[in-house]
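Peer 1:
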Amino acid sequence: MNIIPLFVAIPLGMAFFIPMVGRKARKLPDLLGNLTTLVLLIMSLSVIGKSGIYWMGGWSPRSGIPIGINLVLDGLSGFILVTVSLVSFMATLFSVQYMEQYTSKLHYYSLFLLMVAGMNGVVLSGDMFNIFVFLEIASIASYALVGFGCRHEELEASFKYLVLGSIASILILFGVALCYAMTGTLNMAHLGQLIRGDMNPPILLALTFFLAGFSLKAALVPFHAWLPDAHPSAPAPISAMLSGVLIKAIGIYALIRVIFNVFGLTPLLSSILTTLGTLSMIVSVLLAIGQWDLKRLLAYHSISQIGYVILGIGLGTPLGILGGLFHLINHAAFKSLLFLNAGAIEYTTGTRELERMGGLNKKMPVTGSTSIIASMSIAGIPPFNGFWSKLIIIMACVNAGRFGLAGWAVFVSIMTLASFMKVQKYAFFDELKKARERVKEVPALMCFSMILLAILCVTMGLLWHSWVVDLFLGPARDVLVAGTNYAATVLGN
Amino acid sequence: MNGEKNQQSGMTTIVRTVCRWVVGCIFLFGVYIVLYGHLTPGGGFAGGVIIACAFVLLTLSFGKEVSLTKLSKGVASELDSVGALMFLIIALLGMWTIWGGNSSPILFRNIILVWTFISSVLAVFLYVTLPLA
Amino acid sequence: MIELLGLLLIFMIIGAIIAVETRDLLASVICVGAVGFGASIAFLLLRAPDVAIIQIVVEVLVLVILIRATISRDLTAISGDREFFGMVVAIVLLFVVFLFGMRVFEHLPPFGQPAIETLAQSPARVYIESGLRDTGAANLVTSVLLDYRAYDTLGEATVLFTAILGALAILRKKARKRKEDREEE
Amino acid sequence: MLYALCLLLFVVGLYGVVTKKNVIKIVISLVIMGYAVNLFLIMLGYREKGVAPIIDQTTEAAKFAQTSVDPLPQALVLTAIVIGLGVTALMVAICIRLYERYGTFDITEMRKLKG
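Residue numbers (this note's numbering), protein chains in the order written: chain A, 6 to 498; chain B, 251 to 383; chain C, 10 to 194; chain D, 64 to 178.
1) Consult DSSP for residue 7 of chain A and reduce its assignment to one of helix, strand or coil.
2) Could you give the residue range of the alpha helix (DSSP H) that holds residue 23 of chain C?
3) Could you check if residue 203 of chain A is buried or exposed, using at least 16 other CB atoms within 10 Å of its CB as the buried criterion?
4) Specify whether the region 447–465 of chain A and the region 370–389 of chain A touch according to this definition: at least 3 beta carbon pairs, one from each stretch, less than 8 Å apart.
5) Using Cβ-Cβ distances below 8 Å, what residues of the region 137–156 of chain D are close to chain A?
6) Could you name the residues of chain B that residue 12 of chain A contacts, counting a contact when the two beta carbons are closer than 9 Å?
7) What does DSSP give as the partner residue(s) for residue 472 of chain A in the beta ladder?
8) Does the beta-carbon distance from residue 168 of chain C to residue 149 of chain D come in below 7 Å?
9) Looking at chain C, is there any beta carbon in it that lies within less than 7 Å of the beta carbon of residue 491 of chain A?
10) Could you list which residues in chain B have their beta carbon closer than 9 Å to that of residue 117 of chain D, in chain order?
11) Please list the segments of the alpha helix (DSSP H) lying wholly inside the region 318–362 of chain A, counting only runs of 4 or more residues, in order along the chain.
12) Need the endpoints of the alpha helix (DSSP H) that residue 162 of chain D sits in, please.
13) Tell me which residues share the same chain as residue 92 of chain D and place their Cβ nearer than 7 Å to its Cβ, disregarding the 5 neighbours each side in the sequence.
14) Give the DSSP-derived three-state secondary structure of residue 78 of chain A in the structure shown.
15) Considering only the alpha carbon of each residue, which of C:75, C:137, C:16 lies closest to residue 37 of chain C?
16) I need the straight-line Cα distance from residue 436 of chain A to residue 228 of chain A, nearest angstrom please.
17) Rounded to whole angstroms, what's the CA-CA distance from residue 316 of chain B to residue 304 of chain A? Just pull it up for me.
18) Does any residue of chain A bring its CB to less than 7 Å from the CB of residue 326 of chain B?
19) Using the Cβ count rule (16 or more neighbours within 10 Å means buried), how would you classify residue 71 of chain A?
20) Do residue 21 of chain C and residue 41 of chain C have their beta-carbon atoms positioned less than 7 Å apart in this structure?
21) Kindly provide the ranges of any beta strand (DSSP E) runs that are 3 or more residues long and lie completely inside the region 257–293 of chain A, ordered along the chain.
22) Taking the alpha helix (DSSP H) that residue 57 of chain A belongs to, which residues open and close that run?
23) Tell me the rounded alpha-carbon separation between residue 401 of chain A and residue 325 of chain A.
24) Who are the neighbours of residue 318 of chain B on chain A, taking C-beta pairs under 7 Å?
25) At a CB distance below 8 Å, what residues from the region 290–309 of chain B approach chain G? Give them in sequence order.
26) What span of residues does the alpha helix (DSSP H) with residue 46 of chain C cover, start to end?
27) So is residue 79 of chain D in contact with chain C if we call contact Cβ pairs under 7 Å?
28) Quick one: grab the DSSP three-state call for residue 118 of chain D.
29) Please confirm if residue 322 of chain B has its CB atom under 7 Å from at least one CB of chain A.
30) Comparing the C-beta of residue 145 of chain C with each C-beta of chain A, is any distance below 7 Å?
31) With residue 125 of chain A as the anchor, note down where its alpha helix (DSSP H) starts and where it stops.
32) Within a Cβ cutoff of 8 Å, which residues of the same chain sit near residue 407 of chain A, ignoring the five residues on either side of it in sequence?
33) Report the three-state DSSP secondary structure of residue 298 of chain A (helix, strand or coil).
34) Mind pulling the chain C residues with CB within less than 8 Å of residue 338 of chain B?
35) For residue 367 of chain A, report the span of its alpha helix (DSSP H) as first-last.
36) Pop quiz: residue 458 of chain A and residue 292 of chain A are said to be a contact at Cβ under 8 Å. What is the actual Cβ separation, rounded to whole angstroms?
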């Protein structure tokens, strides 16, 4: 039994199943949702280091022409799959008690699983149009989840996200159409084979559309307008999912897959990517410092950390790609942890304003200590995981002779540190406010998922050199370094 | 059914009389489009939407209450899930067949079956969207 | 044939401009309906009857949804004080995009000679040559949609499912169990 | 030439999205952009003097293969239209909810969307 299609089929099936039975038993959606993400996590851990190609419906290529849709599991997609399943499991665990404040949990879990299925579909698919379809599933589910609370600012944020997301989708569809016009195929491997670095104007226009569309989905700086509204508005587990994995799976993953494996990285593209990355890093960290809304501040930091990832990968050197990918999974761990912390604070105190918190460390020890770990990780304090990945990216910049970029990376890291010192001071260490005397620690499952993520941050920081690189990052880096050889590996000629 | 209330939410007598005759035809036409999708233009989705349009017409001319008695919202959303699950299960069965060494996906080939399921799913889907408008 | 299609497209563009520019929301919705029906006729002329049928039925549904959303609400679009400067910048930018796109489109294969004619390695050629034998469906669009690329169709059904579920979630009456009073803070 | 008209339709839609201040107008503009892309895809598959991709018994297979238009873009457009319908339905749902809150469709009167 081939395991690859199940990554899409299981969450899809559960998403269809939950609304059928969810009305009858109240606890069932919780149970089924968590079970599904747990199964996905185990499955994704079991495919680490494996690779395979699955032709949907048995339509394998006929005399070298791919006529069906294929699913491709290689180092890179396996790596993103693990990230997605890890964060989604923690988020569902957190949701069990957090989502009690909202109604209609069955819609919530169903949409959540559809989002996971969409992301898995994008990550595994080897077909341009299929990527578009699954990207739409993930996006539509996330539009609805952003507006799940139905307050006016949430609806507005959702609408803004929807409009910009739809523009991105239409641009991507236009790009697919242009590719089809020039090559007559939709399969990414075949497309890469037919283009073979021959950049005629329509293909370049298609590439521009892909760049703009996927950057919109990934919220890189000129295209970031929706993110600072959408991420704070969503319920906390969804913010963690959006920041932790959604913008990576349907934005960055798709972008680098298309650029590296289909079109091939040219020096021009490399400099575009590094410029976008640096711009995102600097602009959004400066915007983040002035924020007093905790979740909004975290949202701006997401853009900035995404900038690091794109900067590292855009350098195109093996070391830079390694650093970028490592930062990607680190960011997934610590940013989702930070958003869960923010959700825990909102759950108990009912506020997101930093000035109205204070001294919470005494009342909420688990949230406080995990938040310190996450803050130190994101700011790049030595033993934690964020430090190592930023170090690798900076070293890669220096090795590539881009000293300016290295300088900016260090600068942004310092600014991030300053920003998180502010968060720690105002939220956890200041005087305890009178109104907060009766605040209690959040329920057990929420604590549990935060502790798991914190452990993840620490272990990845300590063990990164041995197993993290060998198991996850090495194969993923090799896929990107191999570039357009992707076609030969997939089609086998 | 409550005549007065329907009078308020629906349209005039002429419209309602015509609709009473036309709805059945639209419904049958939708079923025809679904069943012949593999030979003629159209197919599951188009047919499904046409069936949905029959309900739309009911809602517009007689009001929401009447059309909800024909197909209640709970049943509609249950059918949604059933239809979508059916599609997925058929797809998965196809997968198992391939895995067994048979290179031709027998169940995928059963076009009408799949087609009908999609259509019923979508008809119901679209019907459910209507009350939102 | 090409002239007819060109006229139809010009009609659609005029309809689109009216839809975007008119102040009356209902008129604008109806104009977009006209554009949609124009698209449907264009699909027929382009030998795509399946797409034409779907376009028409979807168009009807979109119109019903949009009209019921707009009717008896805010019918006149209040957009009195638009910033003049912003408009000019937007128009100039879009014009540049258009000119650039025109230049690029000259490099596309000419209209009427699709990829299946010029490129030997196109999967579409396989569909046309052996679609009936492979799938048993005389309508090749059906055979592509439900056999060769059935996975896409599964995705399509899922998109609709997601959208409906999302709309139901957005439209539910009460979203939070407690603390609804924080709303007005 | 026809491709250029298609692009013009796309640009009109883009113009509406960028400049209009009414949520329904924005939805309409997005719908128009969707039409333009769909039309473009179908045009890509058209063949001079082509026939619809439906096999009837009277034409022989070889001749059909020479004249049929490309079925693949048609299948793609079917999927794209349905996806567009889903997005539109969700967008209208949000618009209705926004209208309930604000009593207007004008985004300049809503709080956060301005930026």
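Beta carbons: idealized from backbone N, C-alpha and C, even for Gly.
Peer 2: Taking the definition as stated:
1) Coil, per DSSP.
2) Looking at the DSSP string, the run of the alpha helix (DSSP H) that includes residue 23 of chain C is 11–30.
3) Taking all protein chains in view, the Cβ of residue 203 of chain A is surrounded by fewer than 16 other Cβ atoms within 10 Å, so the residue is classified as exposed.
4) Segment contact: the region 447–465 of chain A against the region 370–389 of chain A, three or more CB-CB distances shorter than 8 Å; contact assigned.
5) Taking a C-beta cut-off of 8 Å against chain A, the contacting residues of the region 137–156 of chain D are 139, 142, 143, 146, 149, 150, 153, 154, listed in chain order.
6) None at all; the shortest Cβ gap to chain B is about 13 Å.
7) In DSSP, residue 472 of chain A forms no bridge with anything.
8) Taking 7 Å as the cut-off, the beta carbon of residue 168 of chain C is found closer than this to the beta carbon of residue 149 of chain D.
9) Using a CB distance cut-off of 7 Å, residue 491 of chain A does not count as an interface residue toward chain C.
10) At a beta-carbon threshold of 9 Å, the residues of chain B lying near residue 117 of chain D are 289, 290, 291, ordered along the chain.
11) Runs of the alpha helix (DSSP H) inside the region 318–362 of chain A: 323–354.
12) Residues 134–165.
13) Counting only Cβ-Cβ distances below 7 Å, and skipping sequence neighbours, we find 76, 79, 80, 83.
14) Three-state DSSP puts residue 78 of chain A in a strand.
15) The shortest C-alpha separation from residue 37 of chain C is found at C:75.
16) Near 39 Å, if we compare the C-alpha coordinates of residue 228 of chain A and residue 436 of chain A.
17) When rounded, the distance between both Cα atoms is 48 Å.
18) No, residue 326 of chain B lies away from the interface with chain A (no Cβ there is under 7 Å from its Cβ).
19) By the neighbour-count criterion, in which 16 or more other beta carbons inside 10 Å mark a residue as buried, residue 71 of chain A falls on the buried side.
20) Contact: no.
21) Entirely contained in the region 257–293 of chain A, not one beta strand (DSSP E) run reaches 3 residues.
22) Annotation for residue 57 of chain A: no alpha helix (DSSP H) segment contains it, though the beta strand (DSSP E) segment containing it runs 57–60.
23) Whole-angstrom Cα-Cα distance: 5 Å.
24) Under a criterion of Cβ atoms nearer than 7 Å, no residue of chain A is adjacent to residue 318 of chain B; the nearest Cβ is some 17 Å distant.
25) Within the model displayed, chain G is absent; protein chains A, B, C and D are what it includes.
26) Judged by DSSP secondary structure, residue 46 of chain C falls within the alpha helix (DSSP H) whose first and last residues are 34–54.
27) For residue 79 of chain D, at least one C-beta of chain C is nearer than 7 Å to its own C-beta.
28) In the structure shown, residue 118 of chain D sits in coil (DSSP, three-state: anything other than H, G, I, E or B).
29) Put simply, the CB of residue 322 of chain B is far from chain A, with every gap to its CB atoms at 7 Å or more.
30) Chain A contact via Cβ: absent.
31) Per DSSP, residue 125 of chain A belongs to the alpha helix (DSSP H) from 110–129.
32) For residue 407 of chain A, the CB contacts under 8 Å within the same chain, skipping 5 residues up- and downstream, are 279, 320 in chain order.
33) Shown here, residue 298 of chain A sits in a strand according to DSSP, grouped into three states.
34) Correct list: 163.
35) 365–368 is the span of the alpha helix (DSSP H), which, as asked, contains residue 367 of chain A.
36) In fact, because the Cβ distance is near 26 Å, the residues do not count as touching under 8 Å.
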